[in-house]
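Accompanying notes for the structure given below.
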Amino acid sequence: AGTTASSPPPPTTGAAGTTASSPPPPSTGAAGTTASSPPPSTGAAGSTASSPPPPTTGAAGTTVTKGPTNPCQEDSCKGGSSCVSLNDTFFCLCPEGQYYNSSTCSKGKIFPGTITFKTSNIEDLKDENSVAYQKLHFEITEFFKKAFNNSDYGQTVIVKISLRTSAARSELRAGDKDVDVEVVNIFKETTELNETTVSNAITKAIEDNADVFTGYTEQDRCDYYGCEKKNDQDNCSSGLLCQCKQGLVRPNPQIPMCVAFGPTCDDTCNAENKRQCLVRSSTSADCVCLPGYREDSHGACQPCAFGYSGVGCKDNIYLIITIVGIIAGILILGLLIALVISMSSKSKKKNVEEQNLIENDFHSLRLYETTGFSNLGADGNVFPKVRVNLPKDGSARNPYSN
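Residue numbering for the sequence shown follows full-length UniProt numbering, beginning at 1 and increasing consecutively.
Have a look at this one:
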């Protein structure tokens with residue numbers, strides 16, 4: 001009753017197969033409640049972008065803000081492409097060597113290279129879901145879209161983002177920073193553009209945007225694919241047909257890229273057999289015994305001898321510690337024995353002196369009782385003292401007489 005609804009206008013088609021749809025007008029529900037939600041819009045070069053819905057106004061003028069949702073939906077990208085989520089939008093990514101065109105993937109011709117981009121915010125640039133990465137992605141793709149303002153241009157794909165290692169810490173804290181962005185520009189397969197014309201167009205666009213972009217370096221297509229360059233005329237136009245460089249392999253005949261597969265050991269090289277696989281270089285690997293084991297004459301890994309450890313039982317630190325411990329123990333034991341002997345010797349000497357004193361006192365006592373002489377040399381005298389007992393009658397008495 002009194003509810004008014006309006007249908008959205010049909011989508012409009014722009015250049016290069018770009019489809020843009022206008023948001024529907026707000027629909028009025030009961031009690032005058034108004035809600036609007038614009039549908040996704042398709043950006044340049046077939047990249048589809050969606051914007052988050054705005055806040056909705058409920059009854060009594062209250063505002064309800066929807067929480068964050070995944071920008072990618074089940075039907076966001078079509079034609080065999082994959083949906084890549086950014087912060088609040090997305091883009092469609094096709095298999096290697098193809099670009100997204102409206103609703104399908106088309107085979108194209110690639111032109112890889114690295115463009116230097118100036119920015120004051122380098123945080124979270126490697127996080128595809130961050131606001132910083134989304135801003136950089138938009139500026140990069142818009143730059144190349146304007147640089148290649150022709151019908152052959154398909155899409156720009158960002159491969160890698162890296163901060164220049166030459167930048168000093170003091171430079172990183174102030175002003176703009178140079179960021180190297182590895183990109184692949186994809187054109188129609190039938191384009192007549194080549195590396196020179198593409199590079200010239202990018203250089204011209206950089207001159208017009210010198211405040212943001214500082215330089216561009218093109219990459220050889222053979223190096224990008226990891227293929228051998230047979231001659232100067234060979235441009236590796238098809239990554240599926242070129243020959244991979246030494247040490248690189250094509251994991252699948254349908255994949256144009258040659259990648260480095262590290263060397264591996266056989267299945268018997270495992271912990272159960274006390275073995276491990278050591279990669280010596282990009283082309284060789286050795287199956288060796290685990291640390292603490294050594295290969296015997298039969299090829300089996302046996303525990304190291306006492307005192308040895310490490311890879312190949314070459315570490316003899318435990319043997320050295322054992323020898324040092326034994327020597328230290330012997331020295332300590334010798335010191336204890338010497339201490340006991342020394343204490344025993346002192347105790348014995350003390351006992352002998354006490355015995356001599358007792359014997360001397362005993363002899364002195366006997367001598368005094370029998371002769372009346374005290375100990376020889378007593379009281380500091382050289383000669384013994386003679387004690388004379390005079391008779392009461394005053395007559396002299398010979399002390400040596402009986």
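Glycine residues also receive a C-beta, built at the ideal position from the N, C-alpha and C atoms.
- In summary, T89 is buried, with 16 or more beta-carbon neighbours lying within 10 Å of its beta-carbon over all protein chains present.
- Inclusion of V184 and P112 in the CB contact set at 9 angstroms is warranted, their separation being smaller than that value.
- In this structure, DSSP gives A300 a state outside helix and strand, which the three-state scheme calls coil.
- Each residue's CA atom was taken as its position, placing R250 and A305 some 46 angstroms apart.
- Under the three-state reduction of DSSP output, E295 falls in the strand class.
- CA-to-CA, the gap between K109 and N149 works out to about 16 angstroms.
- Excluding residues up to 5 positions away in sequence, G113, T114, I115, T116, S199, I202, T203, I206 lie with their Cβ nearer than 8 angstroms to the Cβ of Y216 in the same chain.
- Beta-bridge pairing by DSSP links V183 to G113, I158.
- Taking 9 angstroms as the cut-off, the beta carbon of Q155 is found closer than this to the beta carbon of C94.
- Rounded to whole angstroms, the separation of the alpha carbons of N231 and C222 is 11 angstroms.
- For V288, the enclosing beta strand (DSSP E) begins and ends at 285–289.
- The alpha-carbon of R164 is positioned some 10 angstroms away from that of V181.
- Taking all protein chains in view, the Cβ of A147 is crowded by 16 or more other Cβ atoms within 10 Å, so the residue is classified as buried.
- The C-alpha of S85 lies about 60 angstroms from the C-alpha of L319.
- When rounded, the separation of the alpha-carbon atoms in F138 and V157 is 11 angstroms.
- Taking C-alpha positions only, I161 is separated from K118 by approximately 12 angstroms.
- Taking 8 angstroms as the upper bound for CB-CB distance, C242 and C269 are not in contact here, some 33 angstroms apart.
- When K107, T69, N70 are compared, the shortest CA-CA separation from S81 is found for K107.
- For L193, the CB contacts under 7 angstroms within the same chain, skipping 5 residues up- and downstream, are D152, F187 in chain order.
- Uninterrupted beta strand (DSSP E) stretches at least 3 residues long and entirely within the segment 100–149 occur at 104–119, given in chain order.
- Under DSSP, F91 shares a beta bridge with V84.
- In the structure shown, C269 adopts coil according to DSSP, grouped into three states.
- Excluding five sequence positions before and after E228, the CB atoms of its chain that fall closer than 6 angstroms to its own CB belong to Q243, K245, given in chain order.
- The count of Cβ pairs closer than 8 angstroms, one atom from the segment 287–299 and one from the segment 122–140, stays below three, leaving the stretches out of contact.
- C-alpha of N316 to C-alpha of I341: approximately 38 angstroms in a straight line.
- Residue burial annotation: Q355 is exposed, with fewer than 16 other C-beta atoms found within 10 angstroms of its C-beta.
- Just measuring C-alpha positions, the residue of A300, K78, T196 sitting nearest S102 is K78.
- Within a 10 Å sphere around the beta-carbon of I358 sit fewer than 16 other beta-carbons, which makes this residue exposed.
- Residue pairing by DSSP places T190 in no beta bridge whatsoever.
- If you check the CB distance, P256 and S238 come in under 9 angstroms.
- The three-state secondary structure of D178, taken from DSSP, is strand.
- About 3 angstroms separates the beta carbon of C258 from that of G226, a gap short enough to meet the 8 angstroms contact definition.
- In the three-state reduction of the DSSP assignment, G215 falls in the strand class.
- In terms of Cβ geometry, P303 and G292 form a close pair [threshold 9 angstroms].
- For V311, there is no enclosing alpha helix (DSSP H), as DSSP gives it neither H nor E.
- Per the DSSP secondary-structure output, L163 pairs in a beta bridge with V179.
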